[in-house]
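Residue numbers (the UniProt record's numbering), protein chains in the order written: chain A, 1 to 291; chain B, 1 to 291; chain C, 1 to 291; chain D, 1 to 291; chain E, 1 to 291; chain F, 1 to 291. For every residue, glycine included, the Cβ atom is placed at its ideal position computed from N, Cα and C. Below is one structure; the comments refer to it alone.
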């Protein structure tokens, strides 16, 4: 029987972007409405949809080989896992998830030390516990099933919650005391799986492809023609991140330049390229960049 | 300052039907997008939206006076609460929520006793613990954040989950070992709040109105005219649940009958009413029935 | 084993309004997404979802006992069926379906006789054949899978199609030559089923309830108080369709009148009622009227 | 040829609730997607869909006989129109539209007088002009096509805008200086149309029906049985707005009471009714109440 | 007057993907809501939207020159048509439509021969007839308007239906006896149209463009830089399907390679390319590949 | 403090395509639900969302430096603005907005001169006034809040309105008398802003990038390999708009050609390219073309 890699994907808000990223990387995962195990077009994969919160636990217990989940949920299992790559994508934006310790605007609590002996509600009991342990503070942590931000000050003294822009915190008249963690998804492997050579190589190939896709996001290809003598001036303008591919054109004294740039520098770079003599500048989309 | 009753409503899947029921009962609750406390047109109410799972806890701790939540989530706090009324409504249908102990079809586990020393995943840790305690069985209960039904047999030995029709259980090739609980929403009060006379009466009035609305669901009004002498025969046909209102018509020897019947008996009752001489039978909708 | 009535309901555009009508009549039918047979809360019914076009065929073949389908599709099986009731409801409006013979505006075809030897496209081959037979005309009838109205004049000489308002006919620059049929849903029974007494009574009770629901659509209840002496004047104003229920009030010389009127006459009737002295006029909704 | 009443309905946000109200009152209006004049089932009506802002202008010019539009938009034409009825409905809630004069929180403008010589942006140029004229203030009023609230203080000194809850005003850090007007829809007639007896009566009948529908909103019917001797006590409890209909029951010494109450008092009234001995209390919906 | 090619496009589930494919190929087709003939930006085309089932018939009758429709529906007209190209696209996936002969799981029918004298319901009467003729079996074929899979065994003995994954067949407890046909869309021409040189060339150009688009789906461009001496090793890795374009870079001893690969091999190919020394590997999207 | 460019973007139907175009050009604009000023990732921009109709006014008054709005709405401010570029994009299609003078089909008005002394309703009072002034015609222009096309002939004599396809004009039985203006969005600058060197250069860079994006719409890249000797023949076929990039392949006697073509000529060009010997023709998407 052929080898299999048991991989966990995060069910919930990260599910759709994760499956889209895998698809872009060449792994088509088919989920089922009826709660069955997903299938894929890679027969070497055994895929489990597991809540992001639980992937670390099952990796540590050794029931699965590897998984994609947020650093936040894996944090408390950190010592038992191999962190193969940070994959900086997320549900909607490219911003990381940020866990913050929050109190009412007019609360006497100013620092984490003021929490000693208080009550905290949070969906992230493990994250909060690890943080308090590091700070040497002892408080009662209560699991919150949601709607956490309306619990202070009536039901608890402080909460630990996820924030994106901070605007919901201001709207609820709350104040951030400290940031516990900022978190992107990572590709984690269990210790045992890493010792198996076949599994290790399989995981590394997946990581290579996933990183190639993320690398291509926010980047574009740029092609232009240039008098050969203007080349040094052009090279100075180009960001050094990848050396451009330069080839001679049929027209004597001209070269074609093909390079990769960050989409966000295009608006300042392209007008400058014209100034040094570039012609026929075109920008085209990319889908993977292997580093 | 005027008295206030602190009431918790269940945030989540029961939120919309609960607010609809309160509106029908005459209490308009306005929720806010921005996570603020809901307001209402009854200035004596202080409303908290709290997850159904947590209402029992905060009632027991005395932070709130009363609340509507499922019997299942309040079960472990039962001894500390007053159960003022069962309110048999639910998210979509009128069926109660049913918690079942489930294993793979081909599992050796046949009875709850076989779980001794095994691992169980469930969203209802408290419910499962109370059930195992009653059965005198000791097992490891693991909190599951969801997608519980795909965890057996790879990750755990058994699960405790909610089922509606059992069809998802069959689709996943699982088997029900036992039913822990069937559960409707209830109106619970804290012990302290019950000792306050004003709060007690306020809660009883709310319960009266809520029950009047539920009573009216699935019932209709029926009016008909009848020769007075056929009245005994008619009364035999009518279900005894409410005595009909009989009044004399201007036409000598005829009476008007106005009664309430269950909608589902209409299809067999109405043809029979015609047979005993009823005329001008009309059915009309009701919105409350006070018992 | 208990008796069963095999009933066919029309799958397609009539499905939803038919199931809604049955529900109103007290028969809750539950359809399944997975193509299975529908279930219901009446254990004496065996329900089949069959395309409206085919119900007549299977009734004639005796595979089912009764069914609801349009007169149009049952037309060619008319002699083999019992027509228990016309049920004037439809998908969106209360207008019947109208089948028309249509040609291009500038076609030389003026009457059905001009079709002799021509080619006609239609989704209703049976309807068209029966119509041509009655007219003694012989033409080639071609089954059309849809988009029939764009086939003239390029692909066929005439079409037979359903129209609602005629506006699509004008938009396509077509002309109506003749109307073949106007059609509402009917409740049909097979000849054999009618001979079975239990089935016959079961069908008659269903028809009674279905008609009571349709009768109530577009009608409302009206209650008012009136000086007794103004009663004759009032009775003249009221449409004769149902005699009103008149009862004496506790206040000497006054009567309460309760009656049913068509919703669409309310706007002219109610102002007149005030003129003859009616007070406390209120209008209320009805759900069934048994005739 | 028969008489016609030319009536304008407000196109825009009031369109849907206006057509719904007319339908409830017995006038079915059919609008067309293709921009054509609406039709109706009352052949005596000629219906025009005109923007709420323009109905007053065309009524004053005499092109139409009557129309439904907000008091705000008709205000500047007030002297040329007959105001037949206020119809307190609106797009979403039952709150009136409120026009306010608004400046930045930190603006030196404190009263309307401070606007002398300043620049104001508003969608309601006529409303603002009439208001300033009444106050004897002269300022430059600039028509605003929308997004008015972001114009202060960069582009203008003050704005006149519609507010519902004031929350958008606070979110934009603005301050209300004065309220110009609160406005519900009204039924207006032109002076000429009122002189025509047929048109006058037609309009009055429409107004009677429209008011009967609005009156029924937020009210319900209540029926109960009562020992006759408890009647005085009951009558004291009932709000005086409509005398209840009392009739004798077949059971000696008992009366049936049928009355109308406001939905929002039900929650306090019904528990009290039980206390005085009422039985079989049921609440039922109403669709029109004629006063 | 200029020449015109009469082309039929399939109305129904294939309509949208067909119009999208034509657009990608450079032919913009504009359909109208009002049932009119579609227009396009190619004035040499006369476009007809015809149900996929009927295109074969009208091609055979010579009313149109060419058309895109499924092999299944054209099958019975095969001898009268020229099959210019298979176009392997479909509504949702790239899988072909599969027609199967199906019976209840427990039916005695095991092979097509067992159907002799039985009754079969199907939407594809022509397909089924041609198949039975080839097998030398005689059975009664009944046209089914839909919901075919619920007809066995109550109404017919077997059905012929389309299946995608077979899951609906299992859910209905049915069994596949034989596969009649797997079918993709094809570009068909009528015999007469093929004899006209202008039409023939026009059709061949369309087919060239349509195939170029389908060829590009599921393929991507790949560019990389490589030490010239590693070229032989690289060429061995690359699938032979298209020879890569190799050009010299300005940097001595290095070449740029530009090639096309199937998207689904990228995940195994790219890691290997790195191993032979490729640098700056980027993947980019393609829209057409002309073979 | 750093320099800022105040730029106005058109709120309303152009908002979404404008923000999408800016994003493609490298300027990410973030709008807020709460009516606040938009932010962007270019800290040198101060962005105002202003209705397209008002941008010209505020540019002329000098409150903002530059803006994107339709030629139509800026027309009356033309003399006070600098027109930096036409940007031929629009809400849905690439067609410009067309303003037409319209009358009922049977109106006696045949030319603009016939409007002398008549009444015209229009949303574009400024546009219409400027047009009438140029024609030397004097008429009463009435601001219309919408639904303009139903106002003739009952309420006004003529209207000036926007048309896309003319189909709504025909459906309303109207006739076009004259076209006032066809209009695309433009990038306008105020006179003062143009005198500031920093602002001028900033605006020119933005215009360069915006035009590069629009240029790329409807164009594609084309790559092919060719025997060198066939190059002259190929160059004749290629549209002259951009000279192709020609480079030598590693294979002796072959060149690679990379060029840009209009998407709409591909369908006629590609088959011809094959005829002159091109191989490996692939088409790929572009995102910017700098001219």
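The beta carbon of residue 163 of chain F sits closer than 7 Å to the beta carbons of 98, 100 and 169 from its chain, once the five residues preceding and following it are set aside; these are given in chain order. Neighbours of residue 247 of chain B in chain C, taken as residues whose beta carbon is under 7 Å from its own, are 247 in chain order. For residue 255 of chain B, the neighbours in chain D by C-beta distance under 8 Å run, in chain order, 250. Counting the other CB atoms within 10 Å of its CB gives residue 181 of chain F a total of 16 or more, which places it among the buried residues. Among the residues facing chain F, residue 283 of chain A is included, as its CB has a counterpart in that chain under 7 Å away. Of all residues in the stretch 145-168 of chain F, those with a C-beta nearer than 7 Å to a C-beta of chain D are 145, 146, 147, 149, 150, 154, 155 and 168, reading in chain order. About 6 Å separates the beta carbon of residue 7 of chain A from that of residue 67 of chain A, a gap short enough to meet the 8 Å contact definition.
The C-beta distance from residue 47 of chain E to residue 9 of chain E rounds to 6 Å, short enough to fall under 8 Å. As DSSP reads the structure, residue 83 of chain A sits in a beta bridge with A:188. Between residue 118 of chain C and residue 85 of chain C, the CB-CB gap reaches or exceeds 7 Å.
Not flagged as an interface residue toward chain D: residue 202 of chain B, since no C-beta distance is shorter than 7 Å. The contact set of residue 264 of chain D on chain B, defined by CB atoms closer than 9 Å, consists of 26, 28 and 41 in chain order. Neighbours of residue 287 of chain A in chain E, taken as residues at a C-beta separation under 7 Å, are given in chain order as 220, 283, 284 and 285. The count of Cβ pairs closer than 8 Å, one atom from the stretch 220-237 of chain B and one from the stretch 253-273 of chain B, reaches three, so the stretches are in contact. In this structure, the CA atom of residue 268 of chain C is about 10 Å from the CA atom of residue 202 of chain D. In the structure shown, the three-state DSSP call for residue 56 of chain C is helix. Separation of residue 136 of chain F and residue 271 of chain C (C-alpha to C-alpha, rounded to the nearest whole angstrom) is 57 Å. In the DSSP annotation of this structure, the continuous segment of the beta strand (DSSP E) that includes residue 280 of chain F starts and ends at 279-285.
Residues 105 of the same chain have their beta carbon placed closer than 6 Å to that of residue 173 of chain D, with the five preceding and five following residues left out of the count. A direct Cα-Cα distance of roughly 12 Å separates residue 147 of chain D from residue 155 of chain D. Using a Cβ-Cβ cut-off of 7 Å, residue 209 of chain E counts as an interface residue toward chain F, since at least one Cβ of chain F sits closer than that to its own. In the three-state scheme derived from DSSP, where H, G and I count as helix and E and B as strand, residue 142 of chain D is classed as strand. Cβ neighbours of residue 290 of chain E within its own chain (closer than 6 Å, five residues either side excluded): 212. Taking 9 Å as the upper bound on Cβ-Cβ separation, chain B lies near residues 48, 49, 50, 51, 52, 53, 54, 57 and 58 of the stretch 45-59 of chain A.
Cβ contact annotation for residue 22 of chain A (same chain, cutoff 6 Å, sequence separation greater than five): 29, in chain order. Around the CB of residue 75 of chain C, 16 or more other CB atoms lie within 10 Å, so the residue is classed as buried.
Taking 9 Å as the cut-off between beta carbons, none of the residues of the stretch 169-191 of chain E comes near chain F. The C-beta distance from residue 103 of chain E to residue 152 of chain E rounds to 6 Å, short enough to fall under 8 Å. Apart from the 5 residues on each side of it in sequence, residue 39 of chain F sits with its Cβ closer than 7 Å to the Cβ of 30 in its chain, given in chain order. Under the Cβ criterion of 7 Å, residue 239 of chain B is not counted among the residues facing chain C. If you ignore the 5 residues before and after residue 81 of chain F, its C-beta comes within less than 8 Å of the C-beta of 56, 59, 60, 74, 188, 189, 190 and 191, all in its own chain and listed in chain order. Shown here for residue 123 of chain A: same chain residues with a beta carbon closer than 6 Å to its own, the five before and five after excluded, namely 144 in chain order.
Taking C-beta separations shorter than 8 Å and ignoring five residues to either side along the sequence, the partners of residue 111 of chain E in its chain run 177 and 178, following chain order. By the C-beta density criterion, residue 95 of chain B is exposed, having fewer than 16 other C-beta atoms within 10 angstroms. For the options A:251, A:217, A:253 and A:263, the alpha carbon positioned closest to that of residue 239 of chain A is the one of A:263.
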